[in-house]
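Protein chains in written order, with full-length UniProt numbering: chain A, 1 to 376; chain B, 1 to 376.
Ideal Cβ positions, reconstructed from N, Cα and C, are used throughout, including at glycine.
Remember, predicted model here, so these are calculated numbers, not experimental data.
Notes for the one structure printed next.
2 protein chains.
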Amino acid sequence: MKFTLQHTDPQSKARAGLLKTDHGDIETPIFMPVGTAGSVKAVHQRELTYDIKAQIILGNTYHLYLRPGLGVLEKAGGLHKFNGWEKPILTDSGGYQVFSLAGTRKITEEGVVFKSHIDGSKHIFSPEGVMDIQRSIGADIIMAFDECTPYPCEFEYARKSMDMTHRWLKRCIERFDSTEGKYGYSQTLFPIVQGSVYKDLRKQSAEFIASCDREGNAIGGLSVGEPAEMMYEMTEMVTDILPGDKPRYLMGVGTPANILECIALGVDMFDCVMPTRNARNGMLFTSEGIINIKNEKWKEDFSSIDPAINSYVSSFYSKAYLRHLTISKEILGAQIASIHNLAFYLWLVGQAREKIKSGEFSSWKDQMVKKVSTRL
Amino acid sequence: MKFTLQHTDPQSKARAGLLKTDHGDIETPIFMPVGTAGSVKAVHQRELTYDIKAQIILGNTYHLYLRPGLGVLEKAGGLHKFNGWEKPILTDSGGYQVFSLAGTRKITEEGVVFKSHIDGSKHIFSPEGVMDIQRSIGADIIMAFDECTPYPCEFEYARKSMDMTHRWLKRCIERFDSTEGKYGYSQTLFPIVQGSVYKDLRKQSAEFIASCDREGNAIGGLSVGEPAEMMYEMTEMVTDILPGDKPRYLMGVGTPANILECIALGVDMFDCVMPTRNARNGMLFTSEGIINIKNEKWKEDFSSIDPAINSYVSSFYSKAYLRHLTISKEILGAQIASIHNLAFYLWLVGQAREKIKSGEFSSWKDQMVKKVSTRL
């Protein structure tokens, strides 16, 4: 993997870059649609490519490990071959999922013992095991096994957890560096900064992660319920420390406004379930603001969803029709809203990139944050 | 509307024809995907056109009347404008839906009083009212308001019901012929033959329907639980009586084998929820036979779903991936299976048409009935 920093914004820390992988190039800043179980929910692979213009998608290690399972994925030749998505894939480490299954998991220095949400069967995720699993899934970018602390979180818990995450990282690196990809293309490992909302912990963690000198770095443990200002503060601290010549990935963030603010703080990569999950509940993100399509006000609005967004659904279907589908719980409603929201997110980061290149990012960002936060 | 009979099979009653409407031509025999609430479930409009190659779709009067309601549909300029489907649309009369809501409806000579399944509100469907509603929806082909008798059904009930259906038909015709389309294109009214599984009633009904001399005729009250042989017997009797120079529509039929057998009996048009409903449960109809995609045997079958079918999904996605999506209850599984099954149905009637034109229909049909009925 090779990252080239192409432009930096003079009035912020925003950057435009190019990330080269064996499955193609990624222009940053970028948003990565989440394809939990090997499918971005309600979206066809060709729609990801041609309507949404996704450049990389996520898979969830926890879900893929349980179903379809590594046997099927290995026989298929990896996730790309299994689901037909030929561009880059990033997998999380499964840590977030096993920790959010509170009550059915036990954390030890060795790893985490947990029970499957599908059939209750017992499994263990260890740093080494999770590297092997992601090797088998065949992600281009593999995430370290970490503990994502909740919010709020006691300082002592956060400190001990961070230390364990750092020890786990060493084990991840050792395993990753002593194994090879299974399908003939390169994989790379991103470590993850933790430290909850404590500045000294975040500083310590960022310095440790930076010292590991991997090809890219991630910021975890944010967007878990803390105020947005706190998330920005932590992000800014960490991006000041993480090396500028490597991509920075802020995990699980966020709203369109969050993304714009964090681009300004020097983040290059984002993922979030919000555009698809909220789509299924009738919330649309548009270039003019946020729409709750179930509202009576859209009942006879026959204008297209958002003509500024260059996807089939955004211009073909009307707000009134989408409202009808959503209220009637028609599957097509979820499909249309999911494609639209993802196309909007990709449009937004693409616009940010253009503005960084033309030197207009900061003023554009301030206007855009207001616009995309407006409730229509 | 204009129907031209183009070819007849020398060894059966199968026919190939062309039905011209103001929204385009329909080549018969044809299968019409069901778009209950103005959406063929889990399928985008462009997929209907380019993958499935649908030439006409159905809408359900009962559902559309309740939601989005006539006010919205009229303001949109009719259902075509509302959902963006520019080819022909046929609407049922709502009769089937109100009768299947047993316990919450009351039938009188005037019409049917029923309660909405959505909010329990009380409504009445009369022959005149249902003509007006279908005028407002803007279907190209409007169905008469009839009572679809259940199976089994006592002779006396079937006789009285048929007589009422005939009286209602006269009222439908009177209303339809004294009103005009609301959106500038032609609409036509198809009457419906009833009579349950009683030969003398079917004969009497078919003769009455034929005497009404409308532009097309339908056969109702079949595929409601009776044995297939009984359905074929009734269909054959009725197609012997209905005029040959007008299209014949067999309502709610059926499996691929049912459709082939009924094409051989002189039916031109079909609709059924089976390809989409069964798709959502993991049943696939393919050119080689029927697949339950949830079965273990497809777990590591990475071959495409059905390369004989010329739709994106049928060749792009593998059986193993579709199995994974279906078992994981991913929406994309329902999408893929729905598109594939409909594309298969349209392929099947298209093949039947080609074989009728080339004079090979009967022998091809016998082979194909076996093939499409095989469980793989």
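In this structure residue 184(B) is exposed. Its beta-carbon is surrounded by fewer than 16 other beta-carbon atoms within 10 angstroms. Boundaries of the alpha helix (DSSP H) harbouring residue 321(A): 319-327, taken from the DSSP string. Taken in chain order, the members of the stretch 63-95 of chain A whose beta-carbon sits within less than 7 Å of a beta-carbon on chain B are 67, 68, 72, 75, 76, 82, 83 and 84.
Spanning the alpha carbons of residue 153(A) and residue 293(A) requires a straight line of approximately 36 Å. With fewer than 16 other beta carbons inside 10 angstroms of its own, residue 119(A) counts as exposed.
In terms of CA proximity to residue 188(B), 214(B) leads the group 304(B), 214(B) and 203(B). The residue from 309(A), 326(A), 308(A) and 303(A) with its alpha-carbon nearest to that of residue 317(A) is 303(A).
In the DSSP assignment, residue 249(A) falls within the unbroken beta strand (DSSP E) covering 248-250. Taking 8 Å as the cut-off, the Cβ atoms of residue 336(B) and residue 14(B) do not count as close. The beta strand (DSSP E) runs lying completely inside the stretch 259-297 of chain B and spanning 3 residues or more are 269-271, 283-286 and 289-292, given in chain order.
Separation of residue 108(B) and residue 62(B) (C-alpha to C-alpha, rounded to the nearest whole angstrom) is 18 Å. Shown here for residue 33(A): same chain residues with a beta carbon closer than 6 Å to its own, the five before and five after excluded, namely 40, 54, 57 and 342 in chain order. The three-state reading of DSSP puts residue 239(A) in helix, counting H, G and I together. Inclusion of residue 173(A) and residue 193(A) in the CB contact set at 8 Å is not warranted, their separation being larger than that value. When DSSP states are grouped into helix, strand and coil, residue 67(A) belongs to the coil group. Taking C-alpha positions only, residue 282(A) is separated from residue 273(B) by approximately 26 Å. Residue range 217-219 is occupied by the beta strand (DSSP E) that includes residue 217(A). Of all alpha-carbon atoms in 9(B), 169(B), 1(B) and 22(B), the one lying nearest the alpha-carbon of residue 365(B) is that of 9(B).
In the three-state reduction of the DSSP assignment, residue 87(B) falls in the coil class, being assigned neither a helical nor a strand state. With respect to chain B, the C-beta atom of residue 38(A) has a partner C-beta closer than 8 Å. Comparing C-alpha distances from residue 59(A) to each of 83(A), 359(A), 374(A) and 49(A) shows the shortest one belongs to 83(A).
Buried is the label assigned to residue 96(A), since at least 16 other Cβ atoms lie within 10 Å of its Cβ. Below the 8 Å Cβ cutoff, chain A contributes 331, 332 and 335 as neighbours of residue 42(B), in chain order.
With the rule of 3 Cβ pairs closer than 8 Å, the stretch 307-324 of chain A does not count as touching the stretch 249-258 of chain A. Sequence-distant partners of residue 66(A) (beyond 5 residues in either direction) whose C-beta falls short of 7 Å from its own C-beta, in its chain, are 116 and 118. As the crow flies, the alpha-carbon of residue 246(A) is around 10 Å from that of residue 1(A).
Straight across, the Cα-Cα distance linking residue 104(B) with residue 228(B) is about 30 Å. In the DSSP assignment, residue 1(B) forms no beta bridge with any residue. Using a Cβ-Cβ cut-off of 7 Å, residue 100(B) is close to nothing in chain A; its nearest Cβ partner there is about 18 Å away. Its chain contains 127 and 145 as the residues whose beta carbon lies nearer than 6 Å to that of residue 168(B), once the 5 sequence neighbours on both sides are disregarded; these appear in chain order.
For residue 317(B), a Cβ of chain A is located within less than 8 Å of the residue's own Cβ.
For residue 374(A), same chain residues with a beta-carbon under 6 Å away, outside a window of 5 residues either side, are 289 in chain order.
Sequence-distant Cβ neighbours of residue 179(A) in its own chain, meaning closer than 8 Å and more than five residues away, are 131, 132 and 135. The beta carbon of residue 186(B) sits closer than 8 Å to those of 1, 21, 22 and 140, all from its chain and outside the five residues before and after it, given in chain order.
About 35 Å separates the Cβ atoms of residue 42(B) and residue 362(B), ruling out a contact at the 8 Å cut-off. By the C-beta criterion, the stretch 198-210 of chain B is judged to be in contact with the stretch 234-248 of chain B, since at least 3 inter-stretch pairs fall below 8 Å.
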